[in-house]
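Protein chains in written order, with my numbering: chain U, 1412 to 1694; chain D, 1412 to 1694; chain W, 1412 to 1694; chain G, 1412 to 1694. No residue lacks a Cβ here, since even glycine has one placed at the ideal position from N, Cα and C. Everything below concerns the one structure shown next.
Protein chains: 4
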Amino acid sequence: MNTGILLISCPDQKGITATVTNFVFSHNGNILHADQHIDEQSNTFFMRLEWSLEGFSLSKEAIKEKFGTLAKKFQMQWDVYLTNDRPKTAVFVSKYLHCLYDLLYRYKSGQLPCVISLIISNHPDAAALAKEHKIKFIEMAILKENKIEQEKKQLEILKAEGIELVILARYHQILTEQFIRTYPNKIINIHHSFLPAFAGKNPYAQAFQKGVKIIGATSHYVTADLDQGPIIEQDTVRVSHRESIEQLKRKGEDLERIVLNRAVFWHLERKILVYNNKTVVFD
Amino acid sequence: MNTGILLISCPDQKGITATVTNFVFSHNGNILHADQHIDEQSNTFFMRLEWSLEGFSLSKEAIKEKFGTLAKKFQMQWDVYLTNDRPKTAVFVSKYLHCLYDLLYRYKSGQLPCVISLIISNHPDAAALAKEHKIKFIEMAILKENKIEQEKKQLEILKAEGIELVILARYHQILTEQFIRTYPNKIINIHHSFLPAFAGKNPYAQAFQKGVKIIGATSHYVTADLDQGPIIEQDTVRVSHRESIEQLKRKGEDLERIVLNRAVFWHLERKILVYNNKTVVFD
Amino acid sequence: MNTGILLISCPDQKGITATVTNFVFSHNGNILHADQHIDEQSNTFFMRLEWSLEGFSLSKEAIKEKFGTLAKKFQMQWDVYLTNDRPKTAVFVSKYLHCLYDLLYRYKSGQLPCVISLIISNHPDAAALAKEHKIKFIEMAILKENKIEQEKKQLEILKAEGIELVILARYHQILTEQFIRTYPNKIINIHHSFLPAFAGKNPYAQAFQKGVKIIGATSHYVTADLDQGPIIEQDTVRVSHRESIEQLKRKGEDLERIVLNRAVFWHLERKILVYNNKTVVFD
Amino acid sequence: MNTGILLISCPDQKGITATVTNFVFSHNGNILHADQHIDEQSNTFFMRLEWSLEGFSLSKEAIKEKFGTLAKKFQMQWDVYLTNDRPKTAVFVSKYLHCLYDLLYRYKSGQLPCVISLIISNHPDAAALAKEHKIKFIEMAILKENKIEQEKKQLEILKAEGIELVILARYHQILTEQFIRTYPNKIINIHHSFLPAFAGKNPYAQAFQKGVKIIGATSHYVTADLDQGPIIEQDTVRVSHRESIEQLKRKGEDLERIVLNRAVFWHLERKILVYNNKTVVFD
Chain U
1412 MNTGILLISC PDQKGITATV TNFVFSHNGN ILHADQHIDE QSNTFFMRLE WSLEGFSLSK
1472 EAIKEKFGTL AKKFQMQWDV YLTNDRPKTA VFVSKYLHCL YDLLYRYKSG QLPCVISLII
1532 SNHPDAAALA KEHKIKFIEM AILKENKIEQ EKKQLEILKA EGIELVILAR YHQILTEQFI
1592 RTYPNKIINI HHSFLPAFAG KNPYAQAFQK GVKIIGATSH YVTADLDQGP IIEQDTVRVS
1652 HRESIEQLKR KGEDLERIVL NRAVFWHLER KILVYNNKTV VFD
Chain D
1412 MNTGILLISC PDQKGITATV TNFVFSHNGN ILHADQHIDE QSNTFFMRLE WSLEGFSLSK
1472 EAIKEKFGTL AKKFQMQWDV YLTNDRPKTA VFVSKYLHCL YDLLYRYKSG QLPCVISLII
1532 SNHPDAAALA KEHKIKFIEM AILKENKIEQ EKKQLEILKA EGIELVILAR YHQILTEQFI
1592 RTYPNKIINI HHSFLPAFAG KNPYAQAFQK GVKIIGATSH YVTADLDQGP IIEQDTVRVS
1652 HRESIEQLKR KGEDLERIVL NRAVFWHLER KILVYNNKTV VFD
Chain W
1412 MNTGILLISC PDQKGITATV TNFVFSHNGN ILHADQHIDE QSNTFFMRLE WSLEGFSLSK
1472 EAIKEKFGTL AKKFQMQWDV YLTNDRPKTA VFVSKYLHCL YDLLYRYKSG QLPCVISLII
1532 SNHPDAAALA KEHKIKFIEM AILKENKIEQ EKKQLEILKA EGIELVILAR YHQILTEQFI
1592 RTYPNKIINI HHSFLPAFAG KNPYAQAFQK GVKIIGATSH YVTADLDQGP IIEQDTVRVS
1652 HRESIEQLKR KGEDLERIVL NRAVFWHLER KILVYNNKTV VFD
Chain G
1412 MNTGILLISC PDQKGITATV TNFVFSHNGN ILHADQHIDE QSNTFFMRLE WSLEGFSLSK
1472 EAIKEKFGTL AKKFQMQWDV YLTNDRPKTA VFVSKYLHCL YDLLYRYKSG QLPCVISLII
1532 SNHPDAAALA KEHKIKFIEM AILKENKIEQ EKKQLEILKA EGIELVILAR YHQILTEQFI
1592 RTYPNKIINI HHSFLPAFAG KNPYAQAFQK GVKIIGATSH YVTADLDQGP IIEQDTVRVS
1652 HRESIEQLKR KGEDLERIVL NRAVFWHLER KILVYNNKTV VFD
């Protein structure tokens, strides 16, 4: 079933919910989900509205035009999506392949509503996996000397392929600000710690050193601030003094796969709104 | 801040959300939360709407009348609540006092939006605790011979006190169907297992015997079917072969307190709708 | 590093720990792990002892002989394992491949200390996956008419291959008692519910119907009693009224993979002792 | 049942386990629990041994003498405890009383094997609770000007009362290094965040600001480094964008109580060994 989804944020005032739901109803849409949230600190209103497109009288273009007028009145930031438009997606990966492996399994099983059309890596390890899934694989070694040039090429490729979502599935390179600014809230990273604890390198070694009794994983949108972007999802698992760094890594891999997958899935279901370097994730 | 809350369920059709939100908006209400859910199996629509009563032009009686007309058109089952109306609550307890102790602490701290005006027990153990909190305590021993008679008295007392919510905080007596029918979806029980596993007596001993690696607690509305009412909340905790029945009990106590408290709190916040012997709990 | 592992259970009495640790020490073994547990109900003593074989003066055969004499005195049930002996393992699977897919990923990554030499299925779906990993795949359709005959063949194949561990990775056939008795505590199953809740067919549909707020998965040794064998590991995850049966299945898949993997891993690390239809799992 | 407990750490070498278990066995002790751990990074051996004192032939003094000789040979750091010796305990608290309230409930129920003989606070709020439980309450306001002097008095009081364990149950004062050095690994604090994230002041506000999806609590031994002492126990709970700072606080209170209680309980059961600013917690 094809559905329409509106994601809205604006200063709170009376009548927003009524106006928006009326808009959909007056064009013969059946509302399936209506979620809203008000951030009281900043007096901001957030809404996600999903309705059946069966019998709905407006095309996507017409929605943009008509709703746009209404949106201006409320100073809304907003987007509209149709479920059947599956975003083209690229996965960046380095040497650890467990997250990629997991994403591809879910993708092949029809669980991820996107089109994974590209895998980019600074190492050759993922080539066989990409081939097996018939996905274009591009190896681009990154050195200090060629980093900026290589990123430029990456951006050109992404543009040529029409990529709308970039997943960093354990990609061990820090993207430059310019790259990040090209895909605002469209680059999802998995960090192998419970952020803000253990940002940066070797989080499992840091966790072992500190003697924590629980480890975590965090998926977030990438911003120019390393490991500081808006958190989408986190999860944790208990560990004990018996576990070596190597064992923490293995246990953590299970978390990373699950947490990254949830974040990607919610992004694709258009359940996430970003504000104030935080996320609203409607469930 | 005083707010109004509408809880609604009805057969799904186009226009419900728009109609309901318009109703509130047209009487000058600012919607704070609008949650809805559609059960696709039964094609049932559920909604919880909360709005600020500041500047709202209708009294509770007027809401009942005006919204009633609208509700009929959609065949709604519905209720309206005002946050400032704090329901009178009775707690039933036997010999284990940890849940009562916890409820009273939260109550005293201002965390439970109700008025606990009565504690009833088939044992004397809770008398001191009740006294300390200046809550009326009634001890009523229950024997096979006097059970029906005692329950009749209990119902009279509840009626006289205007009780609207009954919490069974480890009350080890099975209520009769008649009692239960007097308070439909208004009796909350805590069962010390992860239902439907280990219903009935001695769930910790059952869990130990079975060798489960996780134990749980379940809070549910009481129905005539023992431990089979609509589940409101559950939680679990890991256990190991090292733990005796006694240790399971202690660990379980922490779960029981938290799970019961959440269920009671959500009930008081009017976040729960019941259908099909299940619950919708809006968050 | 090669290590020796002793798994012991016997009636409790003074001096067992001292005697066993002395045995290892007196033959120049450095003890790495010594775990013990006493079940007070049945007065049974359990022990797992692991020591470095570097410099240890006895061969496996000699351990069996010498320790056997000592073990008789204490009426021990016991086994000895060497870490370098990797048990030959067969995986049984039907149409859902997520658990198999996961096991093979971990196997390929060197995380599972066994040799997976055989995949048997009553459906053709896993053939490609098996081929990719260069593991022998045998498809054996199971019908009412040929079940006993097919199982006989399976047992012959397992024997011929020297299989020591059978993993049921979502194998949707009930094994006969005869099959099960051939591999006591050597068949590991994953059941997609929090046992003992929702044993038997369609546990996710049962969970949905019941309206539980948490779902689970259970890995256990297979006994003649369907879904009633000794539980090795369980885990749970929260669900809400919003989730359809289909969504429960997807969420549950993550649990199944993790729980089955843990059970298999602990079995291979020789951390599990079975008694009284329960398990001791040393960590 | 009275038991003896040995806590040992020393450089790893062959024969420690055999020697220690023999020591107990040769004096007619029945070993109930024997846990050991080897930290491979530092090649350190850790052991906790618990045995029944029924029929055991040595007094505590004799154990100290005889075992001391043996311990020297292995360069052990070690302690011996008898279960029946219940350590005298002081609780420090400020204005939030939920942790104190919880500790006292468990204490009164016989769940904490200690003697809580003193409550010290820089505020008067806990006075009634202390009185109710007939525990000596001392209010000592702490100002910049009198801090060192007041701490001196506190130390004198603790000494006079024979206090062996200090619990900081949300005590909002930073102890001086001198105080801390007087009770090494004998002061247990509860910090209301998942350390090392959000150390210092207002961790819930920090967590809200950061937009984390999970909050936590951490119990640790106090060292001169604020919130950096060896972690004993941690736990976490999910939160969402819907929850205000106030709601995080309430949810966190449940964690704090449970986490602090576990840490205190394990300390009293003598299950904790400290090394390298980390803990080994035997289960």
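Span of the beta strand (DSSP E) around residue i
| i | result |
| --- | --- |
| G:A1628 | I1625 to Y1632 |
| W:Q1645 | I1642 to R1649 |
| D:H1602 | I1598 to H1602 |
| G:D1513 | It is not in any beta strand (DSSP E) - G:D1513 instead sits in the alpha helix (DSSP H) that spans H1509 to K1519. |
| D:T1593 | Here D:T1593 belongs to no beta strand (DSSP E); instead the alpha helix (DSSP H) covers E1588 to T1593. |
| D:Y1492 | Q1488 to L1493 |
Pairwise C-alpha distance: residue j and residue i
| i | j | result |
| --- | --- | --- |
| W:E1461 | W:H1444 | 5 Å |
| D:A1482 | D:N1433 | 13 Å |
| W:Y1632 | W:E1556 | 27 Å |
| W:Q1617 | W:I1656 | 9 Å |
| U:I1591 | U:L1637 | 11 Å |
| G:E1664 | G:H1509 | 7 Å |
| U:D1536 | U:K1542 | 11 Å |
| U:I1442 | D:G1627 | 37 Å |
| G:K1519 | D:V1577 | 27 Å |
| D:H1652 | W:L1554 | 40 Å |
| D:I1527 | D:K1499 | 6 Å |
| D:E1476 | D:Q1488 | 14 Å |
| U:G1573 | U:P1524 | 16 Å |
Residue i - containing alpha helix (DSSP H), residue span
| i | result |
| --- | --- |
| G:V1675 | I1656 to L1679 |
| G:H1444 | No alpha helix (DSSP H) holds G:H1444; the beta strand (DSSP E) holding it covers N1441 to D1450. |
| U:F1478 | K1471 to K1484 |
| G:H1438 | Note, G:H1438: premise wrong, no alpha helix (DSSP H); not H, not E. |
| D:L1637 | That residue, D:L1637, is in no alpha helix (DSSP H); it is neither H nor E in DSSP. |
| G:P1614 | P1614 to K1621 |
| D:E1543 | A1538 to E1543 |
| U:H1559 | Before going further, note that residue 1559 of chain U is Ile rather than His in the sequence given. Start and end: K1558 to E1572. |
Burial state of residue i (16 or more Cβ within 10 Å)
| i | result |
| --- | --- |
| G:P1614 | buried |
| U:E1560 | exposed |
| D:E1472 | exposed |
| G:N1687 | exposed |
| U:A1635 | exposed |
| G:Q1447 | buried |
Proximity test, residue i beta-carbon vs the ligand FAD heavy atom, cut-off 7 Å
| i | result |
| --- | --- |
| G:A1537 | With respect to the ligand FAD, the structure offers nothing, as it holds no ligand at all. |
Residues of the stretch 1637-1662 of chain W with Cβ closer than 8 Å to any Cβ of chain G, in chain order:
Answer in chain order: R1649.
Count Cβ pairs between the stretch 1449-1458 of chain W and the stretch 1416-1430 of chain G that sit closer than 8 Å; are there 3 or more?
Short answer: they don't touch.
Give, in chain order, every residue of the stretch 1433-1467 of chain D whose Cβ lies closer than 8 Å to some Cβ of chain G.
If the cut-off is 8 Å between Cβ atoms, the stretch 1433-1467 of chain D has nothing near chain G.
Is there contact here, the stretch 1560-1574 of chain U with the stretch 1598-1614 of chain U, by at least three beta-carbon pairs under 8 Å?
With a cut-off of 8 Å on Cβ pairs, the stretch 1560-1574 of chain U is not in contact with the stretch 1598-1614 of chain U, counting fewer than three such pairs.
Contact between the stretch 1503-1510 of chain W and the stretch 1577-1590 of chain W: three or more CB pairs below 8 Å?
Per the Cβ contact rule, the stretch 1503-1510 of chain W is in contact with the stretch 1577-1590 of chain W (3 or more Cβ pairs under 8 Å).
Could you list the residues in the stretch 1659-1688 of chain U with a C-beta less than 7 Å from some C-beta on chain W, going in chain order?
For the stretch 1659-1688 of chain U, which is checked against every Cβ of chain W, the residues closer than 7 Å are R1661, D1665 and I1669.
Mind listing which residues of the stretch 1511-1528 of chain G have their C-beta closer than 8 Å to chain D's C-betas, in chain order?
Contacts with chain D (Cβ-Cβ distance below 8 Å) from the stretch 1511-1528 of chain G involve Y1512, Y1516, S1520 and Q1522, listed in chain order.
Can you confirm whether the stretch 1507-1519 of chain D touches the stretch 1491-1498 of chain D when touching is taken to mean that 3 or more C-beta pairs between the two stretches lie within less than 8 Å?
Contact fails between the stretch 1491-1498 of chain D and the stretch 1507-1519 of chain D, because fewer than three Cβ pairs, one in each stretch, are under 8 Å apart.
Does the pairing of the stretch 1598-1605 of chain D with the stretch 1666-1686 of chain D give three or more beta-carbon distances under 8 Å?
The stretch 1598-1605 of chain D vs the stretch 1666-1686 of chain D: in contact.
Near-chain W residues of the stretch 1535-1546 of chain U (beta-carbon distance less than 8 Å), N- to C-terminal order:
Going along the stretch 1535-1546 of chain U in chain order, one finds E1543 with a Cβ nearer than 8 Å to chain W.
Mind checking the stretch 1591-1612 of chain D against chain W and listing, in chain order, the residues whose C-beta falls within less than 8 Å of any C-beta there?
Residues of the stretch 1591-1612 of chain D with a C-beta less than 8 Å from any C-beta of chain W: F1605, L1606, P1607, A1608 and F1609, listed in chain order.
Using Cβ-Cβ distances below 7 Å, what residues of the stretch 1416-1432 of chain W are close to chain G?
Answer in chain order: K1425, G1426, T1428, A1429 and T1432.
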